[in-house]
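Peer 1:
4 protein chains.
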Amino acid sequence: MAKMKAAIFVEKGRIVLDEKPIPEVGPLDALLRITTTTICGTDVHILRGEYPVAKGLTIGHEPVGVIEKLGSQVTGFSEGQRVIAGAITPSGHSYACLCGCASQDGPGTRHGFRATGGWKFGNIIDGCQAEYVLVPDAMVNLSPIPDNLSDEQVLMCPDIMSTGFSGAERGGVQIGDTVAVFALGPIGLCAAAGARLMGATTVIGVDTVAARLHVATRLGVTHAVDFKAGNVVDQIMALTDGRGVDVAIEALGTQATFESALRVLRPGGVLSSLGVYSSDLRIPVDAFAAGLGDYRIVTTLCPGGKERMRRLMNVVASGRVDLKPLVTHHFKLDDIEAAYDLFAHQRDGVMKVAITP
Amino acid sequence: MAKMKAAIFVEKGRIVLDEKPIPEVGPLDALLRITTTTICGTDVHILRGEYPVAKGLTIGHEPVGVIEKLGSQVTGFSEGQRVIAGAITPSGHSYACLCGCASQDGPGTRHGFRATGGWKFGNIIDGCQAEYVLVPDAMVNLSPIPDNLSDEQVLMCPDIMSTGFSGAERGGVQIGDTVAVFALGPIGLCAAAGARLMGATTVIGVDTVAARLHVATRLGVTHAVDFKAGNVVDQIMALTDGRGVDVAIEALGTQATFESALRVLRPGGVLSSLGVYSSDLRIPVDAFAAGLGDYRIVTTLCPGGKERMRRLMNVVASGRVDLKPLVTHHFKLDDIEAAYDLFAHQRDGVMKVAITP
Amino acid sequence: MAKMKAAIFVEKGRIVLDEKPIPEVGPLDALLRITTTTICGTDVHILRGEYPVAKGLTIGHEPVGVIEKLGSQVTGFSEGQRVIAGAITPSGHSYACLCGCASQDGPGTRHGFRATGGWKFGNIIDGCQAEYVLVPDAMVNLSPIPDNLSDEQVLMCPDIMSTGFSGAERGGVQIGDTVAVFALGPIGLCAAAGARLMGATTVIGVDTVAARLHVATRLGVTHAVDFKAGNVVDQIMALTDGRGVDVAIEALGTQATFESALRVLRPGGVLSSLGVYSSDLRIPVDAFAAGLGDYRIVTTLCPGGKERMRRLMNVVASGRVDLKPLVTHHFKLDDIEAAYDLFAHQRDGVMKVAITP
Amino acid sequence: MAKMKAAIFVEKGRIVLDEKPIPEVGPLDALLRITTTTICGTDVHILRGEYPVAKGLTIGHEPVGVIEKLGSQVTGFSEGQRVIAGAITPSGHSYACLCGCASQDGPGTRHGFRATGGWKFGNIIDGCQAEYVLVPDAMVNLSPIPDNLSDEQVLMCPDIMSTGFSGAERGGVQIGDTVAVFALGPIGLCAAAGARLMGATTVIGVDTVAARLHVATRLGVTHAVDFKAGNVVDQIMALTDGRGVDVAIEALGTQATFESALRVLRPGGVLSSLGVYSSDLRIPVDAFAAGLGDYRIVTTLCPGGKERMRRLMNVVASGRVDLKPLVTHHFKLDDIEAAYDLFAHQRDGVMKVAITP
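Taken in sequence, the protein lines are chains A, B, C and D.
In this text, residue positions in the first sequence follow full-length UniProt numbering: the first is 1, and each later residue adds one.
In this text, residue positions in the second sequence follow full-length UniProt numbering: the first is 1, and each later residue adds one.
In this text, residue positions in the third sequence follow full-length UniProt numbering: the first is 1, and each later residue adds one.
In this text, residue positions in the fourth sequence follow full-length UniProt numbering: the first is 1, and each later residue adds one.
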């Protein structure tokens with residue numbers, strides 16, 4: 001049985017490059033040879049033991065590659081084709097998929113279908129920080145890359161761009177809206193870009209890292225707010241003449257950003273939450289208008305599937321959103337442990353790394 | 001200046017019947033002679049000092065009456081007409097009204113328009129537990145009562161029915177949905193009726209008062225759950241074969257009901273909150289799937305305006321929802337202090353009282 | 001190779017019962033042994049040559065049966081299980097499925113995916129007026145029948161009920177709406193039932209057959225209009241005090257019903273069209289307010305898939321809609337030619353026939 | 001009584017500048033002193049007698065001006081303030097307004113409220129091609145102009161921009177959509193800009209005038225199609241690899257553009273119609289997939305009201321859409337007859353004219 005290299009979760013604090021068998025291809029699967037992948041903030045949570053996965057699992061959920069082998073029942077694709085797959089790989093046939101909630105696809109321990117059940121790569125099946133990855137339900141999940149786009153141009157589509165844009169989409173951003181985005185990491189930057197794509201005319205970005213605030217202005221942020229420069233709620237209220245924002249997007253996963261997002265909403269506004277929270281949240285009764293403010297709080301798990309990927313690559317191809325500046329560092333797969341070290345410690349101004357086998 | 005009787009907030013613990021001048025009618029107003037009104041749970045919060053209003057204010061926001069006098073600029077109505085007005089009286093011309101959020105109408109202290117600004121009667125202007133009430137923006141808010149409907153039949157339209165139904169509407173109930181309603185007071189009962197009206201096929205009602213659980217089955221509840229008979233989440237999960245509910249409606253305003261509502265949602269489900277909360281809320285991180293469950297939390301302040309009232313009276317006239325069983329007690333306005341006493345202490349199985357001047 | 005009986009399209013005017021091989025089961029398929037099926041108006045169009053299908057094709061798209069054999073890749077079901085499948089059988093993996101338009105699934109001659117591509121049974125693959133039928137993409141399309149429901153109780157779910165309800169759903173019926181349904185055949189009756197299920201308080205049914213108008217009142221129609229008793233638009237305008245209807249559902253497929261549906265709309269109303277048209281339609285410029293009336297015209301092909309079927313069977317199980325009165329006649333599969341004859345000529349007050357092998 | 005100059009409809013073929021009394025200001029009105037206005041294609045229909053208005057009516061529905069006098073009941077504005085008002089001036093208090101269909105506001109001859117009833121200026125009340133105009137329901141309709149925007153920058157907001165954008169909005173354009181716009185007059189150009197603002201990545205513009213196709217590329221059109229260069233449906237199908245478009249926007253009002261828009265839709269696509277039709281439309285049964293294509297046809301009358309205008313001016317202020325290139329010619333009000341002559345004959349490459357008293 002042929003072997004491949006893969007970044008494997010060994011125990012809390014240790015993700016190491018090791019060898020594994022190249023997976024067998026089932027009738028509905030596709031085997032991809034990875035050409036580029038990356039590390040996500042969620043992978044760092046896994047590394048730190050904050051998000052539990054099985055020991056021995058290959059990590060990574062952002063694959064760019066070439067179809068090495070197709071399952072016997074897979075039609076519509078051909079071996080050798082360049083493709084991506086979303087971080088979330090819905091089956092297409094679950095009840096969740098059929099009621100418009102494909103990211104919650106899959107078997108699970110709660111409610112008949114497990115929450116977050118659509119997230120499989122590097123979570124419940126082997127992921128793509130490896131030489132090869134097996135894509136389940138390939139007809140749902142493989143998405144051909146247009147010839148004129150490079151690997152790095154589409155590297156953000158599987159997760160960062162899909163998640164970030166969904167913050168704006170589920171928030172229901174409309175033409176002429178004022179939107180605030182809390183935390184300008186890669187997800188927040190994509191949320192800002194998504195808000196702009198949907199017609200927001202004022203996009204307020206909140207962070208404190210100068211480099212991020214700077215990149216943000218190229219991705220749609222019209223007003224940068226440094227949360228260390230004063231009370232962030234007051235700053236945003238001043239910027240909006242006391243009106244508040246139509247949509248506030250939370251892109252970090254902390255009580256502080258969640259609460260500030262709620263406090264800057266206009267009555268009837270939407271808090272669109274993207275962050276992964278690691279502890280309970282508190283909703284202050286005054287910020288919530290005692291439940292009478294017509295507020296909405298919406299959460300979204302990254303949308304996947306080939307139609308979603310097709311649309312995101314359309315955005316890249318159109319030149320409307322250029323995320324290449326987010327790729328600040330490059331590593332070989334052989335050096336992925338060093339890449340984790342850099343990324344987990346957020347050294348050297350790293351935004352995203354490109355990993356190539 | 002002619003005088004009238006009115007139930008007036010004097011201080012914490014005291015709402016008394018006293019005399020006040022009959023109000024002057026401005027160009028856009030209408031003066032109603034009240035024929036029937038009622039007491040709301042919110043009025044009890046005011047009585048107890050839990051919700052602050054100005055001393056001297058007339059309480060009450062559920063008016064049924066006859067047009068006594070129309071303002072000089074009001075067209076489309078005639079004096080002597082039987083009408084209701086919603087508890088919430090939007091102006092029709094605020095930014096909030098024009099962006100589809102009329103209940104948040106009005107001037108205010110936050111965001112240019114104050115949260116809950118559309119609630120005026122018995123909150124920021126004199127209410128309708130009186131012989132007369134002045135209706136602002138009468139062309140927006142007066143709604144003629146069909147001849148064949150009695151005062152008591154439409155008494156729930158201004159608030160209870162509008163609020164309760166909105167729990168189902170904002171929750172997005174669809175044909176074939178499973179819905180849980182937490183607390184079967186008048187609002188919760190109307191939420192259940194609304195869920196049924198929108199096509200829910202399983203409506204789980206949660207309470208512990210036998211009389212309420214009994215009435216509930218006449219208003220659309222298909223499965224009654226007594227929260228004292230065991231863990232409420234477990235009971236609902238068992239009823240739904242572990243699937244959870246599509247929409248959970250919170251109709252009380254407590255941490256316990258809010259949290260249970262969240263825990264019984266299927267991934268991608270909606271928590272539709274109607275309760276008035278008096279302290280901070282906590283969102284347990286596990287119940288929230290760390291922010292990745294595609295859950296939505298929506299809140300709603302009672303929709304008002306004449307079109308809303310017209311539709312609700314259509315529902316009553318169609319015979320599809322009969323709320324008369326909710327009117328358990330009758331009082332003269334002269335005896336309103338006794339009515340408050342009964343209602344505030346929930347004695348004698350009271351659901352709603354009808355007050356007639 | 002074992003044989004089965006099947007109703008086969010031979011040529012215009014001739015659908016005959018003949019023998020065919022029982023189909024082979026592919027990895028994603030399921031073979032159903034049909035226990036009950038029916039004839040649809042569309043099948044009569046096929047019989048008459050008005051809708052072209054391949055010679056030799058088995059007709060029928062409303063299967064109720066038992067799983068005889070599952071494909072090798074099908075999980076989540078078991079042989080011997082009682083199931084239905086929708087008339088429309090989406091694949092779950094097409095672009096159409098993944099953009100929320102599953103009924104337009106499938107390969108095709110236009111636009112990458114063919115219009116009406118999701119309709120396969122008795123259209124592009126063998127249908128279910130036979131002893132056995134092969135269900136494609138079984139994991140998407142098989143839906144278990146609750147034990148307490150009979151074949152006849154769920155016989156309308158695959159097409160009639162799904163199509164009829166979708167007329168109300170796509171029309172966006174809301175609580176308190178006034179809805180008109182044009183033509184009260186099985187589809188129109190289900191549209192009326194769907195409008196009522198979604199909260200319509202006035203449901204106007206238009207037909208001229210007394211028996212249908214009578215059944216209609218049991219399925220939600222509140223006002224029956226006989227189009228031979230006077231100008232139908234005038235009658236509906238009189239019933240609505242000149243206001244018009246919020247949603248008009250066309251359930252026949254003719255210029256007359258389409259045009260009347262448009263003419264009774266209130267400004268901003270929705271014409272929800274379910275009929276299968278056999279010639280060009282004309283939109284009178286006056287009825288269309290020259291394009292300035294904020295009108296919408298929506299069309300819908302029957303939604304399919306197991307989640308849809310689950311919900312429809314929930315409706316049946318809840319007792320809220322009882323369609324058994326629609327099954328007016330029973331035939332053995334051996335007598336299906338007689339059943340076609342009766343049904344095509346609409347003799348003896350036939351609404352729907354139940355066919356049992 | 002003071003007099004003012006106004007462009008008055010005298011009879012078919014004649015709109016002339018004449019004198020009229022400056023209007024009296026009612027309690028809810030505002031009198032604007034016009035500083036800039038323009039001529040709309042609809043005004044040319046009126047000139048030609050194709051759209052009937054009363055003799056003696058002042059024409060024009062695109063006002064930019066200064067508040068000269070406020071009615072006694074109008075609050076929230078001050079005399080001397082620079083404002084615009086939408087072409088459509090809803091009352092805020094009609095049933096149409098309160099059910100989310102404000103453009104269909106107003107008394108009328110059909111359905112209780114007349115179709116197109118919200119269009120008052122230059123239709124049922126005196127318009128703004130004059131020195132002064134009376135704005136009804138001023139609190140709903142006056143919208144202050146940000147200081148840094150010139151009259152010409154906001155001149156398109158009242159009608160062209162609001163109508164054009166609504167074509168994209170009602171079409172439900174999403175991120176990554178392919179949109180086709182039929183006819184690139186001012187409305188079509190704004191529809192293209194709106195589609196781009198909402199996230200369309202391919203915007204196909206159809207026209208044959210080279211200048212328009214050229215301007216179009218600056219407003220969001222990515223692919224220009226000259227309908228004289230070959231069959232327009234074939235051209236668009238080729239551009240979309242046979243897939244068709246998600247949304248087709250009709251911006252002319254003819255059978256040819258309407259029909260082509262329908263024929264290029266993908267199954268499940270939306271035809272968003274903005275044109276004013278002067279004769280009946282035909283829906284070819286094949287293009288309509290016999291009613292089974294899940295197509296939608298939506299129509300929109302220009303949205304008005306101060307919140308809409310505020311948002312559109314936000315778009316202008318943000319620099320995202322620059323419509324100044326559309327203002328190709330300038331005239332004094334005294335020369336408005338010459339302006340009509342130029343505009344009606346579409347001479348000299350005219351797109352829009354600016355008229356200043």
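Note that beta-carbon positions come from the ideal geometry of N, C-alpha and C, so glycine has one too.
Would you check if the distance between the CB atom of L326 (chain D) and the CB atom of Q73 (chain B) is smaller than 8 Å?
Peer 2: Within the fourth sequence, the letter at position 326 stands for residue 326 (chain D). Within the second sequence, the letter at position 73 stands for residue 73 (chain B). In this structure, the beta-carbon distance from L326 (chain D) to Q73 (chain B) does not fall below 8 Å.
Peer 1: With distances taken Cα to Cα, identify the nearest neighbour of A210 (chain A) among A:A238, A:Y277, A:P158, A:F227.
Peer 2: The residue labelled residue 210 (chain A) in the question sits at position 210 within the first sequence. Nearest of A:A238, A:Y277, A:P158, A:F227 to A210 (chain A), Cα basis: A:F227.
Peer 1: Measure from the alpha carbon of C99 (chain D) to the alpha carbon of each residue in B:T356, B:G305, B:P52, then state which is nearest.
Peer 2: Against the fourth sequence, residue 99 (chain D) aligns to sequence position 99. Nearest of B:T356, B:G305, B:P52 to C99 (chain D), Cα basis: B:G305.
Peer 1: Contact defined as beta carbons within less than 8 Å: I believe P158 (chain B) pairs with A87 (chain B). What is the distance between those atoms, to the nearest angstrom?
Peer 2: In the second sequence, residue 158 (chain B) corresponds to position 158, counting from 1. In the second sequence, residue 87 (chain B) corresponds to position 87, counting from 1. Sure, about 5 Å apart at Cβ, within 8 Å.
Peer 1: Identify the residues that DSSP records as bridge partners of A30 (chain B): which are they?
Peer 2: Translated into the one-based positions of the second sequence, residue 30 (chain B) becomes position 30. Its beta-bridge partners are B:L70, B:V135.
Peer 1: Taking its Cβ as the centre, do 16 or more other Cβ atoms sit within 10 Å of T109 (chain D), making it buried, or is it exposed?
Peer 2: Locating residue 109 (chain D) in the fourth sequence gives position 109, where the first residue counts as 1. With a pLDDT of 38 at T109 (chain D), under the threshold of 50, the predicted position of this residue should be treated as unreliable, and no value is reported.
Peer 1: Determine which residues of the segment 69–97 of chain D have a Cβ less than 8 Å from any Cβ of chain B, and write them out in chain order.
Peer 2: S72, Q73, S91, G92, H93, Y95, C97
Peer 1: Just to confirm before moving on: does the CB-CB distance between P357 (chain D) and L333 (chain D) stay below 8 Å?
Peer 2: The residue labelled residue 357 (chain D) in the question sits at position 357 within the fourth sequence. The residue labelled residue 333 (chain D) in the question sits at position 333 within the fourth sequence. Their beta carbons are under 8 Å apart, which means P357 (chain D) touches L333 (chain D) by this criterion.
Peer 1: Using a Cβ-Cβ cut-off of 8 Å, state whether G194 (chain B) counts as contacting chain A.
Peer 2: The residue labelled residue 194 (chain B) in the question sits at position 194 within the second sequence. By this cut-off, G194 (chain B) is not an interface position.
Peer 1: Any beta carbon from chain A within less than 8 Å of G199 (chain D)'s own beta carbon?
Peer 2: The sequence position of residue 199 (chain D) within the fourth sequence is 199, counting from 1. By this cut-off, G199 (chain D) is an interface position.
Peer 1: At least one CB of chain B closer than 8 Å to the CB of G118 (chain D): is that the case?
Peer 2: Along the fourth sequence, one-based indexing puts residue 118 (chain D) at 118. No, because no Cβ of chain B sits closer than 8 Å to the Cβ of G118 (chain D).
Peer 1: Tell me whether the beta-carbon of V221 (chain B) lies closer than 8 Å to the beta-carbon of G291 (chain A).
Peer 2: Counted from its first residue, the second sequence places residue 221 (chain B) at position 221. Counted from its first residue, the first sequence places residue 291 (chain A) at position 291. No; because the gap between Cβ atoms is not below 8 Å, this pair is not in contact.
Peer 1: Does T356 (chain A) have its Cβ less than 8 Å from a Cβ in chain B?
Peer 2: Sequence index remark: in the first sequence, residue 356 (chain A) carries index 356 (1-based). Not closer than 8 Å to any Cβ of chain B, the Cβ of T356 (chain A) fails to qualify, so no.
Peer 1: So is G176 (chain B) in contact with chain E if we call contact Cβ pairs under 8 Å?
Peer 2: No chain E appears in this structure, whose protein chains are A, B, C and D.
Peer 1: With distances taken from CA atoms, which of C:D105, C:A85, C:R218 is nearest L31 (chain C)?
Peer 2: Numbered from 1 along the third sequence, position 31 holds the residue referred to as residue 31 (chain C). For L31 (chain C), the nearest C-alpha among the options comes from C:A85.
Peer 1: With a threshold of 8 Å between beta carbons, is E169 (chain C) in contact with chain B?
Peer 2: By one-based count along the third sequence, residue 169 (chain C) stands at place 169. E169 (chain C) counts as touching chain B.
Peer 1: What is the DSSP secondary structure of A6 (chain C), reduced to helix, strand or coil?
Peer 2: Counting from 1 along the third sequence, the entry for residue 6 (chain C) is found at position 6. It is a strand residue.
Peer 1: Assign D177 (chain C) to one of two classes, buried (16 or more other C-beta atoms within 10 Å of its C-beta) or exposed (fewer than that).
Peer 2: Position 177 of the third sequence, counting from 1, holds the residue named residue 177 (chain C). So D177 (chain C) counts as buried.
Peer 1: Would you mind telling me which residues of chain D sit closer than 7 Å to P284 (chain B), beta carbon to beta carbon, in chain order?
Peer 2: In the second sequence, counting from the first residue as 1, residue 284 (chain B) sits at position 284. None at all; the shortest Cβ gap to chain D is about 33 Å.
Peer 1: Indicate whether at least one CB of chain B lies closer than 8 Å to the CB of M161 (chain D).
Peer 2: As a first step, residue 161 (chain D) must be located in the fourth sequence, where it is residue number 161. No, no contact with chain B.
Peer 1: Could you tell me whether any Cβ in chain D is nearer than 8 Å to the Cβ of E50 (chain B)?
Peer 2: Counting from one through the second sequence, the residue named residue 50 (chain B) turns up at place 50. Using a CB distance cut-off of 8 Å, E50 (chain B) does not count as an interface residue toward chain D.
Peer 1: Which of the three DSSP states is assigned to residue 358 (chain C) in this structure?
Peer 2: An answer regarding residue 358 (chain C) cannot be provided, because it is not within the stretch 1 to 357 covered by chain C.
Peer 1: Please classify S260 (chain C): does DSSP put it in a helix, a strand, or coil?
Peer 2: Start at 1 with the first residue of the third sequence, and residue 260 (chain C) comes out as number 260. Helix, per DSSP.
Peer 1: If we ignore side chains and look at the alpha-carbon of each, how far apart do T239 (chain C) and A317 (chain B) end up?
Peer 2: By one-based count along the third sequence, residue 239 (chain C) stands at place 239. By one-based count along the second sequence, residue 317 (chain B) stands at place 317. The residue you asked about is not Thr; residue 239 (chain C) is Leu in the sequence shown. So the two alpha carbons sit approximately 15 Å from each other.
Peer 1: Taking Cβ-Cβ distances below 8 Å as the criterion, which residues of the segment 313–341 of chain D are in contact with chain A?
Peer 2: N314, V315, A317, S318, R320
Peer 1: Assign S278 (chain C) to one of two classes, buried (16 or more other C-beta atoms within 10 Å of its C-beta) or exposed (fewer than that).
Peer 2: Start at 1 with the first residue of the third sequence, and residue 278 (chain C) comes out as number 278. Counting every other CB atom within 10 Å of its CB across the protein chains shown gives S278 (chain C) a total below 16, marking it as exposed.
Peer 1: Grouping DSSP H, G and I as helix and E and B as strand, with all else coil, what is G112 (chain C)?
Peer 2: On the third sequence, residue 112 (chain C) is found 112 positions in, with the first residue counted as 1. Per-residue confidence for G112 (chain C) stands at a pLDDT of 42, beneath the threshold of 50, marking its modelled position as unreliable; the derived number appears in the next sentence. In the three-state scheme derived from DSSP, where H, G and I count as helix and E and B as strand, G112 (chain C) is classed as coil.
Peer 1: Against chain D, which members of the segment 292–307 of chain B pass a CB distance test of less than 8 Å?
Peer 2: G305, K306, E307
Peer 1: Would A287 (chain A) pass as a contact of R263 (chain A) if the rule is Cβ separation under 8 Å?
Peer 2: Mapped onto the first sequence, residue 287 (chain A) falls at position 287. Mapped onto the first sequence, residue 263 (chain A) falls at position 263. Yes; because the gap between Cβ atoms is below 8 Å, this pair is in contact.
Peer 1: Please report the residue range of the beta strand (DSSP E) in which A200 (chain D) lies.
Peer 2: Here residue 200 (chain D) refers to the residue found at position 200 of the fourth sequence. Per DSSP, A200 (chain D) belongs to no beta strand (DSSP E) and is neither H nor E.
Peer 1: Taking the alpha carbon of K5 (chain B) as the reference point, which residue from B:R170, B:R48, B:L57, B:E11 has its own alpha carbon closest?
Peer 2: In the second sequence, the residue the question calls residue 5 (chain B) occupies position 5. That would be B:L57, whose Cα lies nearest to the Cα of K5 (chain B).
Peer 1: When the Cα atoms are used, what is the spatial distance from L213 (chain D) to G205 (chain D)?
Peer 2: As a working mapping, residue 213 (chain D) is identified with position 213 in the fourth sequence. As a working mapping, residue 205 (chain D) is identified with position 205 in the fourth sequence. L213 (chain D) and G205 (chain D): Cα-Cα distance of roughly 7 Å.
Peer 1: When the Cα atoms are used, what is the spatial distance from E19 (chain B) to A130 (chain B)?
Peer 2: If you number the second sequence from 1, residue 19 (chain B) lands on position 19. If you number the second sequence from 1, residue 130 (chain B) lands on position 130. Between the alpha carbons of E19 (chain B) and A130 (chain B) lies a gap of roughly 9 Å.
Peer 1: K350 (chain B): which of B:G41, B:I125, B:D241, B:R33 sits nearest, CA to CA?
Peer 2: Here the question's residue 350 (chain B) lines up with position 350 in the second sequence. A small correction: the amino acid at residue 350 (chain B) is Val; Lys does not occupy that position in the sequence shown. Comparing Cα-Cα distances from V350 (chain B) to each of B:G41, B:I125, B:D241, B:R33, the minimum goes to B:G41.
Peer 1: To the nearest angstrom, report how far apart H61 (chain D) and V133 (chain D) are at their CA atoms.
Peer 2: Within the fourth sequence, the letter at position 61 stands for residue 61 (chain D). Within the fourth sequence, the letter at position 133 stands for residue 133 (chain D). One C-alpha to the other measures close to 10 Å.
Peer 1: Short of 6 Å in beta carbon distance, which residues of its chain neighbour W119 (chain A), apart from the five on each side in sequence? Order them along the chain.
Peer 2: Your numbering for residue 119 (chain A) matches position 119 in the first sequence. Only I88 meet the Cβ criterion.
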